[in-house]
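So the structure is just underneath, and the comments pick up after that.
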Amino acid sequence: MPERDDALLVQRCLQGEDAAFGILVQRYQTAVFNVALRMLKDRYEAEEVAQQVFIKAYEKLATFDERFKFFSWIYRMAVNTALNSAKRSRRFIALEAGQEAASPGLTPHENYEEAETGENVQRALMSMKPDYRAVIILKHFEGLSYQEIGETLELPEKTVKSRLFTARQMLKDALLKQGYRFHD
Amino acid sequence: MIDDKYLTLLHGELDGVNSPQESAKLNAYLAAHPEAQRLLAELRGMSNLLGEVKPVEPPAHLQHAVMNTIAQRRAARAADQGRFTTFKNWLSEIFEPKFAFSFAGGLAVGVLLFALALQTMKDKVNENAKLFGTIGAPQTEEREQSRTIAHEIARGEIKWRHEEDQLVAEIDLAATEPFDLVVLFEASALRCKEVAVIDGEELPNTVLQQGRLQLLHAGERSYRIVFQSNQSTGAGARVQFQRNGAAFLDEVISFEKH
Chain A
1 MPERDDALLV
11 QRCLQGEDAA
21 FGILVQRYQT
31 AVFNVALRML
41 KDRYEAEEVA
51 QQVFIKAYEK
61 LATFDERFKF
71 FSWIYRMAVN
81 TALNSAKRSR
91 RFIALEAGQE
101 AASPGLTPHE
111 NYEEAETGEN
121 VQRALMSMKP
131 DYRAVIILKH
141 FEGLSYQEIG
151 ETLELPEKTV
161 KSRLFTARQM
171 LKDALLKQGY
181 RFHD
Chain B
1 MIDDKYLTLL
11 HGELDGVNSP
21 QESAKLNAYL
31 AAHPEAQRLL
41 AELRGMSNLL
51 GEVKPVEPPA
61 HLQHAVMNTI
71 AQRRAARAAD
81 QGRFTTFKNW
91 LSEIFEPKFA
101 FSFAGGLAVG
111 VLLFALALQT
121 MKDKVNENAK
131 LFGTIGAPQT
141 EEREQSRTIA
151 HEIARGEIKW
161 RHEEDQLVAE
171 IDLAATEPFD
181 LVVLFEASAL
191 RCKEVAVIDG
201 EELPNTVLQQ
211 GRLQLLHAGE
221 RSYRIVFQSN
231 QSTGAGARVQ
241 FQRNGAAFLD
251 EVISFEKH
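Note that the protein sequences, when read in sequence, are chains A and B.
Letter by letter, the first sequence follows residues 1 to 184 of the numbering used here.
Letter by letter, the second sequence follows residues 1 to 258 of the numbering used here.
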């Protein structure tokens with residue numbers, strides 16, 4: 001039960017056991033880094049954001065409300081910190097070629113195709129407003145439910161649904177413009 | 001135009017949250033509405049495409065960097081608290097009425113001396129700036145510049161040069177005790193692109209924040225740090241060697257284009 005486990009780790013950390021926080025970082029670093037990367041597109045900024053998120057989480061751990069899920073809390077920080085970072089820098093630098101790690105077990109051609117898909121999807125995501133981008137990232141890349149997205153973004157479930165439906169339409173249109181076809 | 005009610009069911013079907021009754025209702029609607037069928041097919045196709053995008057591995061040093069920063073901040077806070085207690089005790093002693101006049105007099109003399117020292121330092125810096133055109137390392141005709149480090153804790157060399165629009169610093173160090181190697185740079189002018197240990201060892205605990213790169217140095221190592229320059233004229237950075245947050249060595253390196 002990872003949620004209960006997270007709560008226990010938070011407790012241990014609040015009692016002064018830093019190693020417990022290390023486990024939380026290890027558990028959520030991929031998710032936090034990827035949320036930031038998909039929000040910002042820039043690997044270095046995403047790394048900075050991920051660091052800031054975990055440090056902020058550690059420093060504010062005493063304010064964490066245990067009625068909520070730890071991952072919703074950390075995702076919320078990731079989205080908000082990434083949004084602030086984007087506002088501050090107002091720059092989106094393209095992921096440089098070869099920066100995304102190649103997937104093991106794939107041929108170079110398959111790796112190339114996978115990287116190309118990733119870049120095209122990212123380009124389409126960046127054409128959307130950050131609020132819409134965030135729901136797509138949380139739903140399709142992080143696999144959160146409507147309720148979890150609502151907790152993360154502090155939105156009613158109804159708003160999550162309507163925002164997600166609009167975001168999907170926008171993303172689909174952006175990908176269609178790139179030449180993707182999704183039906184026979 | 002698809003009815004909102006069915007649009008919700010359509011997205012629900014895509015997300016796998018519809019009940020059997022809702023799915024049946026949607027299927028009946030789809031059978032009579034080809035545009036809804038088409039939309040569902042497109043959304044499914046897009047969802048599959050998004051599923052093909054694999055998560056990117058975070059940098060290997062991320063966890064170490066976070067835990068290192070947390071440990072440093074905690075140590076700094078503990079030190080601050082200790083200093084504050086000492087300062088508080090000292091103040092309470094000073095503000096005994098019998099010491100008040102001597103404290104005020106001492107403070108006034110101190111402020112005066114500090115202002116004089118500051119002015120002298122400013123004059124000296126301006127003089128250097130006039131001579132060299134920049135504050136920091138003297139310019140040479142060669143593309144690569146260097147500075148020798150000879151300190152009781154650290155010895156070695158800092159070399160820096162332009163490579164097209166990149167700025168490369170190489171730092172060779174041999175240290176008798178571990179210390180923090182800190183590079184401060186203008187984030188608006190430079191972007192840290194690469195940090196590596198030249199002989200191929202793993203990078204020690206490293207923190208990269210806006211305008212600040214920090215790593216824990218120990219023993220003998222050489223580092224290569226590459227910055228991407230956003231300015232055509234060049235930019236500056238400071239290399240500091242720190243212990244417990246205090247710099248025991250501070251070098252300004254300026255990347256001037258020749």
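Cβ coordinates follow ideal geometry from the N, Cα and C atoms, glycine included.
A/Lys185 in three-state terms, based on DSSP: Since the first residue shown for chain A is 1 and the last is 184, residue 185 of chain A is missing from the structure and cannot be characterised.
Per DSSP, the bridge partner or partners of B/Leu213: B/Val183, B/Leu208
Quick one: Cα of B/Arg221 to Cα of B/Gln72, how far? 22 Å
On the DSSP bridge list, what partners appear for B/Leu196? In the sequence as displayed, the identity of residue 196 of chain B is Ala instead of Leu. For B/Ala196, which the question treats as bridged, DSSP gives the partners B/Arg224.
Under the three-state DSSP convention, the category B/Arg243 falls into: strand
Against chain B, does A/Phe70 count as a neighbour if the rule is that its beta carbon must be under 8 Å from one of theirs? no
Should B/Leu102 be labelled buried (16 or more other beta-carbon atoms within 10 Å of its own) or exposed? Residue 102 of chain B is actually Ser in this sequence, not Leu. Taking a 10 Å sphere around the C-beta of B/Ser102, we find fewer than 16 other C-beta atoms and assign the residue as exposed.
Which residue's Cα is closest to the Cα of A/Leu171: B/Leu50, B/Asn18, B/Leu14, B/Ala31? B/Leu50
Within the continuous beta strand (DSSP E) that includes B/Ser146, where are the two ends? 145-150
Can you grab the Cα-Cα spacing for the pair A/Gly204 / A/Tyr58, in whole Å? Outside the modelled stretch of chain A, which goes from 1 to 184, sits residue 204 of chain A, for which no answer is possible.
For the stretch 17-47 of chain B, list every residue whose C-beta sits within 8 Å of some C-beta in chain A, in sequence order. Listed in chain order, the positions of the stretch 17-47 of chain B with a beta carbon within less than 8 Å of a beta carbon of chain A are Val17, Arg38, Ala41, Glu42, Leu43, Arg44, Gly45, Met46, Ser47.
Neighbourhood of A/Glu142 by C-beta distance below 8 Å, restricted to the same chain and skipping five residues each side: Ala31, Asn34, Val35, Tyr75
Against chain B, which members of the stretch 149-170 of chain A pass a CB distance test of less than 8 Å? Interface annotation for the stretch 149-170 of chain A against chain B: Lys161, Leu164, Phe165, Arg168, criterion Cβ-Cβ distance under 8 Å.
Quick check on this structure: which residue in B/Ile253, B/Ala247, B/Gln214 has the alpha carbon closest to the alpha carbon of B/Asn271? One cannot answer for residue 271 of chain B here, as it falls past the ends of chain B, which runs 1 to 258.
So A/Asn34 contacts chain B; which residues on that side make the cut at Cβ distance below 7 Å? Correct list: Pro55, Val56.
Between which two residues does the beta strand (DSSP E) carrying B/Val168 extend? 166-175
For a contact defined as C-beta to C-beta under 8 Å, what are the partners of B/Met67 on chain A? Asp18, Phe21, Gly22, Val25
Counting only the same chain and skipping the five closest in sequence on each side, list residues whose C-beta sits under 6 Å from that of A/Leu9. Counting only Cβ-Cβ distances below 6 Å, and skipping sequence neighbours, we find Ala20, Ile23, Leu24.
Among B/Leu167, B/Val183, B/Phe241, which one has its Cα closest to the Cα of B/Asn273? Within the shown structure, residues of chain B are numbered from 1 to 258, placing residue 273 of chain B beyond reach of any answer.
Would you check if there are 3 or more beta carbon pairs closer than 8 Å linking the stretch 32-50 of chain B to the stretch 168-182 of chain A? yes
Give me the Cα-Cα distance between A/Leu138 and B/Phe179, rounded to the nearest whole angstrom. 40 Å
Mapping the DSSP letters down to three states, classify A/Glu100 as helix, strand or coil. Unreliable placement is indicated for A/Glu100, whose pLDDT of 43 sits below 50; the coordinate value is still reported in the next sentence. Three-state result, A/Glu100: coil.
Which residues in chain B have a C-beta closer than 8 Å to the C-beta of A/Val121? List them in chain order. Leu49, Leu50, Val53
Short of 6 Å in beta carbon distance, which residues of its chain neighbour B/Arg243, apart from the five on each side in sequence? Order them along the chain. Phe179
Might you give, ordered along the chain, the residues of its own chain that have their beta carbon closer than 8 Å to the beta carbon of B/Thr140, omitting 5 neighbours on each side? Residue confidence for B/Thr140 is low, a pLDDT of 39 falling below 50, so the modelled location carries little weight; the figure read from the coordinates is stated next. Answer for B/Thr140: no residue qualifies.
Let me know the secondary structure DSSP gives A/Val53 once reduced to three states. helix
Should A/Ser85 go down as buried or exposed, given a rule of 16 or more other Cβ atoms within 10 Å for buried? buried
What is the rounded straight-line gap between the Cα of A/Phe54 and the Cα of B/Ala75? 18 Å
Within-8 Å CB hit, A/Phe64 to chain E: The question asks about chain E, but that chain is absent: this structure's protein chains are A and B.
Is A/Lys87 near the ligand COA, going by C-beta to nearest heavy atom under 7 Å? With respect to the ligand COA, the structure shown offers nothing to examine, as it has no ligands at all.
For chain B, check one thing: does any of its Cβ atoms lie closer than 8 Å to the Cβ of A/Ala101? Bear in mind that a pLDDT of 42 at A/Ala101, under 50, signals an unreliable position, so the number given afterwards is only what the model happens to contain. Chain B, which has a Cβ nearer than 8 Å to the Cβ of A/Ala101, makes this yes.
Check whether the Cβ atoms of B/Ala169 and B/Trp160 lie closer than 8 Å to each other. Yes, they are a contact pair.
Scan the stretch 201-217 of chain B for residues whose Cβ lies nearer than 8 Å to a Cβ of chain A and list them as they occur along the chain. Val207, Leu208, Gln209, Gln210
Consult DSSP for A/Ile202 and reduce its assignment to one of helix, strand or coil. Because chain A in this structure spans residues 1 to 184, residue 202 of chain A falls outside the shown range and cannot be described.
Distance, Cα to Cα, A/Val49 vs B/Ile171? 27 Å
Please name the residue, chosen from A/Gln51, A/Phe64, A/Tyr44, A/Arg43, that lies closest to A/Leu14 on a Cα-to-Cα basis. A/Phe64
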